[in-house]
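So the protein sequences, as listed, match chains A and B.
The numbering used here applies: residue 1 is where the first sequence begins, and numbers increase by one.
The numbering used here applies: residue 364 is where the second sequence begins, and numbers increase by one.
These notes concern the structure reproduced below.
2 protein chains.
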Amino acid sequence: MQRIGLDDLGDLALGAAFLGTGGGGDPYIGRLLATTALAEHGPVALWPLADVPDDALVVPVGNMGAPTVLFEKIPAGHEPLAALRKLEAYLGRRADAVMPIEAGGVNSMLPLVIAAQARIPVVDADGMGRAFPELQMETFNVYGVAATPMVVCNEWGDAVVIEAHSAKMAEWLARGVTIRMGGQTSVAEYAMDGKTARRVSVPGTLGLCLRIGRGLHAARRRHADPFATLIALLKDTHYGFAKVLFRGKLVALHRETKHGFAIGYAAIEGLDDWSGRLVVTFQNENLEARVNGTVKAIVPDLICLLDSETAEPVTTERLRYGQRLTAMGVSVPPIMRTPAALQVFGPQAFGLSEPFRPIEANS
Amino acid sequence: MQRIGLDDLGDLALGAAFLGTGGGGDPYIGRLLATTALAEHGPVALWPLADVPDDALVVPVGNMGAPTVLFEKIPAGHEPLAALRKLEAYLGRRADAVMPIEAGGVNSMLPLVIAAQARIPVVDADGMGRAFPELQMETFNVYGVAATPMVVCNEWGDAVVIEAHSAKMAEWLARGVTIRMGGQTSVAEYAMDGKTARRVSVPGTLGLCLRIGRGLHAARRRHADPFATLIALLKDTHYGFAKVLFRGKLVALHRETKHGFAIGYAAIEGLDDWSGRLVVTFQNENLEARVNGTVKAIVPDLICLLDSETAEPVTTERLRYGQRLTAMGVSVPPIMRTPAALQVFGPQAFGLSEPFRPIEANS
Chain A
1 MQRIGLDDLG DLALGAAFLG TGGGGDPYIG RLLATTALAE HGPVALWPLA
51 DVPDDALVVP VGNMGAPTVL FEKIPAGHEP LAALRKLEAY LGRRADAVMP
101 IEAGGVNSML PLVIAAQARI PVVDADGMGR AFPELQMETF NVYGVAATPM
151 VVCNEWGDAV VIEAHSAKMA EWLARGVTIR MGGQTSVAEY AMDGKTARRV
201 SVPGTLGLCL RIGRGLHAAR RRHADPFATL IALLKDTHYG FAKVLFRGKL
251 VALHRETKHG FAIGYAAIEG LDDWSGRLVV TFQNENLEAR VNGTVKAIVP
301 DLICLLDSET AEPVTTERLR YGQRLTAMGV SVPPIMRTPA ALQVFGPQAF
351 GLSEPFRPIE ANS
Chain B
364 MQRIGLDDLG DLALGAAFLG TGGGGDPYIG RLLATTALAE HGPVALWPLA
414 DVPDDALVVP VGNMGAPTVL FEKIPAGHEP LAALRKLEAY LGRRADAVMP
464 IEAGGVNSML PLVIAAQARI PVVDADGMGR AFPELQMETF NVYGVAATPM
514 VVCNEWGDAV VIEAHSAKMA EWLARGVTIR MGGQTSVAEY AMDGKTARRV
564 SVPGTLGLCL RIGRGLHAAR RRHADPFATL IALLKDTHYG FAKVLFRGKL
614 VALHRETKHG FAIGYAAIEG LDDWSGRLVV TFQNENLEAR VNGTVKAIVP
664 DLICLLDSET AEPVTTERLR YGQRLTAMGV SVPPIMRTPA ALQVFGPQAF
714 GLSEPFRPIE ANS
């Protein structure tokens with residue numbers, strides 16, 4: 001089984017920031033936490049989804065809250081494992097593996113922290129194939145896994161177990177608890193067996209984060225075009241299609257922490273060969289990219305804002321006036337584009353009026 | 364063992380409304396729920412606190428939320444028992460009895476509903492000796508019982524188990540969950556053994572509610588002065604002292620549902636022998652009574668607003684312009700006036716600047 005060690009964390013954090021599409025929580029903080037855990041407990045086994053036994057207990061784990069808060073309220077380091085242990089106690093069974101709830105930022109790194117501390121593998125898959133802002137926006141939920149019982153923990157040892165009649169109610173209650181716990185918590189939820197995990201997860205996303213990170217780092221060393229590198233790399237995956245949507249300078253930014261989310265938009269004015277204006281709206285993650293009023297990419301397809309020099313992903317909470325940014329769009333795997341999936345995390349689930357159009361068709 | 368049957372509910376509801384000091388939730392709604400439960404399951408055994416065995420599991424149960432919401436969002440009837448059952452499952456043990464969390468309004472009646480449905484007794488005691496707005500304001504907490512694990516349930520089958528490092532944190536989290544569940548929930552908390560219950564509870568308060576209700580009803584039939592009846596009746600209890608503070612007409616009312624509470628004040632202009640103005644402030648329950656600016660009674664002593672004709676208690680959510688009201692003050696039992704108790708539910712716990720002065724000393 002492949003193992004993720006200290007030397008991999010730089011690549012993993014970079015790739016996770018890319019798939020986070022602006023959200024998922026600051027990857028630097030995730031990297032610090034993972035570095036501490038792996039330095040103490042050694043490398044973590046990465047379990048290919050296909051190899052997980054039918055009856056293994058897989059528990060998705062991660063961080064909940066506004067990235068703008070995570071940036072200032074850094075996890076103590078013991079609460080992610082506490083969330084897993086509390087859910088195990090409630091279920092009356094130890095987990096055989098953890099899995100990321102989403103691909104992106106801190107939530108690709110935190111499962112490594114827990115896996116290292118608990119000495120169990122992390123499954124190479126997740127429930128979003130990117131980052132999304134709300135807990136019901138999981139392929140786990142789309143394909144019938146119950147979100148609850150779920151556990152929400154903070155750094156003071158407070159813990160809440162939620163049983164809800166729907167994933168949306170679980171999100172609503174857990175968000176309220178997270179806000180009252182200061183805007184950032186650790187969660188464990190959607191516990192399932194290995195057979196179910198293979199049916200409902202987006203496979204291979206941790207491995208993909210590693211490949212993206214390695215590819216970008218190698219391109220930088222070779223002084224190669226990082227955007228061409230990303231497009232070529234993604235072509236061979238189940239994501240498949242990627243393209244540059246726009247390039248320019250950030251000229252306007254509206255961002256507030258509201259209802260427990262980072263909500264707003266960024267406007268980018270064209271530079272070089274690009275004219276006009278790109279507007280990207282976000283709720284933690286980037287949702288819609290319009291160039292001169294026309295939609296060029298829309299959720300669930302990925303909209304990534306990258307530094308125009310280095311292709312370093314810029315998360316929502318790090319956006320600043322004057323940044324030179326390149327927007328890249330990426331198609332998501334087929335499991336995330338079914339009618340059932342679009343109902344849960346398509347444009348209408350975010351209150352957007354535009355219908356979903358695959359990014360390939362917008363080009 | 365004494366049993367509470369359908370014929371007792373009118374007396375009990377009336378006495379509970381009195382001890383509710385304006386809060387505790389509308390007693391009429393509690394009476395409807397108890398009537399349904401007792402009609403179906405028969406009378407409920409009332410267990411004197413002194414008779415509860417050392418190792419019996421006693422679970423305080425009740426309703427959480429703003430009385431203004433309860434008034435419009437009436438419990439379905441199954442969620443109070445669901446809260447008990449969920450806590451029992453979490454503790455791995457069945458309760459031998461339930462107990463009211465507070466004396467007053469719906470929360471003196473709901474334990475009867477659960478006791479009838481679960482076919483267990485209700486302990487004749489509670490954790491407030493009156494009604495208070497927040498969950499940490501319990502003699503249980505004052506004298507060292509952990510508030511959690513506690514369960515919060517709604518009418519849709521959603522349930523939350525809270526484990527908190529303090530009773531105040533439990534209140535903070537449960538209040539947030541209650542707000543997101545629509546402002547009204549059923550709770551089970553402060554589970555304890557019989558030996559502890561005897562040490563930390565205000566004894567005899569359900570029996571007292573019955574006696575107050577019977578006394579008032581009898582006075583009405585005899586056309587006797589109901590206020591003199593109350594003063595005489597309370598003199599023989601561990602409450603001891605009661606007096607009329609003011610009499611007049613409600614001329615101003617400010618009441619809003621904020622942060623999950625009914626918060627505001629009522630101003631009453633003197634009638635008959637009373638001149639000047641009484642102002643009563645409340646957070647669900649009445650907190651402070653000032654006549655012409657001078658404090659005449661202050662929390663935790665009871666401040667009860669009663670109809671001037673019938674001495675029917677008027678709860679916060681039923682206050683209306685023009686009502687003829689008589690304010691009565693009552694001293695609370697010694698267990699509620701220790702320095703430790705005043706720290707948890709004295710004037711400063713509500714942000715009031717006046718120190719506590721026993722009502723006897725204010726007269």
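Built from N, CA and C at the ideal position, the CB exists for glycine as well.
Quick one: grab the DSSP three-state call for residue i.
i	result
residue 432 of chain B	helix
residue 254 of chain A	strand
residue 624 of chain B	strand
residue 547 of chain B	strand
residue 62 of chain A	strand
residue 577 of chain B	helix
residue 722 of chain B	helix
residue 99 of chain A	strand
residue 714 of chain B	coil
residue 502 of chain B	helix
residue 648 of chain B	strand
residue 277 of chain A	strand
residue 2 of chain A	coil
residue 371 of chain B	helix
residue 415 of chain B	coil
residue 37 of chain A	helix
residue 133 of chain A	coil
residue 481 of chain B	helix
residue 582 of chain B	helix
residue 452 of chain B	helix
I'd like to check one pair, residue j with residue i: are the Cβ atoms closer than 8 Å?
i	j	result
residue 219 of chain A	residue 229 of chain A	yes
residue 645 of chain B	residue 495 of chain B	no
residue 725 of chain B	residue 386 of chain B	no
residue 504 of chain B	residue 545 of chain B	no
residue 501 of chain B	residue 513 of chain B	no
residue 347 of chain A	residue 280 of chain A	no
residue 110 of chain A	residue 61 of chain A	yes
residue 271 of chain A	residue 243 of chain A	no
residue 658 of chain B	residue 639 of chain B	no
residue 45 of chain A	residue 31 of chain A	no
residue 383 of chain B	residue 468 of chain B	yes
residue 136 of chain A	residue 168 of chain A	yes
residue 97 of chain A	residue 121 of chain A	yes
residue 331 of chain A	residue 288 of chain A	no
residue 18 of chain A	residue 304 of chain A	yes
residue 412 of chain B	residue 561 of chain B	yes
residue 8 of chain A	residue 210 of chain A	yes
residue 316 of chain A	residue 67 of chain A	yes
residue 200 of chain A	residue 145 of chain A	yes
residue 721 of chain B	residue 557 of chain B	no
residue 126 of chain A	residue 102 of chain A	yes
residue 689 of chain B	residue 716 of chain B	no
residue 328 of chain A	residue 202 of chain A	no
Have a look at the DSSP bridge pairing and note the partners of residue i.
i	result
residue 303 of chain A	A/329
residue 47 of chain A	A/123
residue 248 of chain A	A/270 and A/325
residue 606 of chain B	B/692
residue 290 of chain A	A/279 and A/295
residue 57 of chain A	A/193
Cβ of residue i within 7 Å of any heavy atom in the ligand SAH?
i	result
residue 41 of chain A	Looking at this structure, you won't find the ligand SAH or any other ligand, since it has none at all.
Q. In chain order, what residues of the stretch 517-537 of chain B put their CB closer than 7 Å to some CB of chain D?
A. Among the chains of the structure shown, chain D does not appear; the protein chains present are A and B.
(Q) Quick check on the DSSP output: what are the complete beta strand (DSSP E) runs of length 3 or more inside the stretch 305-345 of chain A, in order along the chain? (A) For the stretch 305-345 of chain A, whole beta strand (DSSP E) runs of length 3 or above, ordered along the chain, are 324-330.
Q | chain A contacts made by the stretch 478-489 of chain B, where a contact means CB separation under 9 Å | A | For the stretch 478-489 of chain B, which is checked against every Cβ of chain A, not one residue is closer than 9 Å.
Q: Could you name the residues of the stretch 538-555 of chain B whose beta carbon sits closer than 9 Å to any beta carbon of chain A, in the order they occur along the chain?
A: Along the stretch 538-555 of chain B, the positions whose C-beta sits under 9 Å from a C-beta of chain A are 538, 539, 540, 542, 543 and 544, read in chain order.
Q) What residue ranges within the stretch 141-208 of chain A form continuous alpha helix (DSSP H) runs of no fewer than 4 residues, ordered along the chain? A) Segments of the alpha helix (DSSP H) lying fully in the stretch 141-208 of chain A: 167-180 and 194-200.
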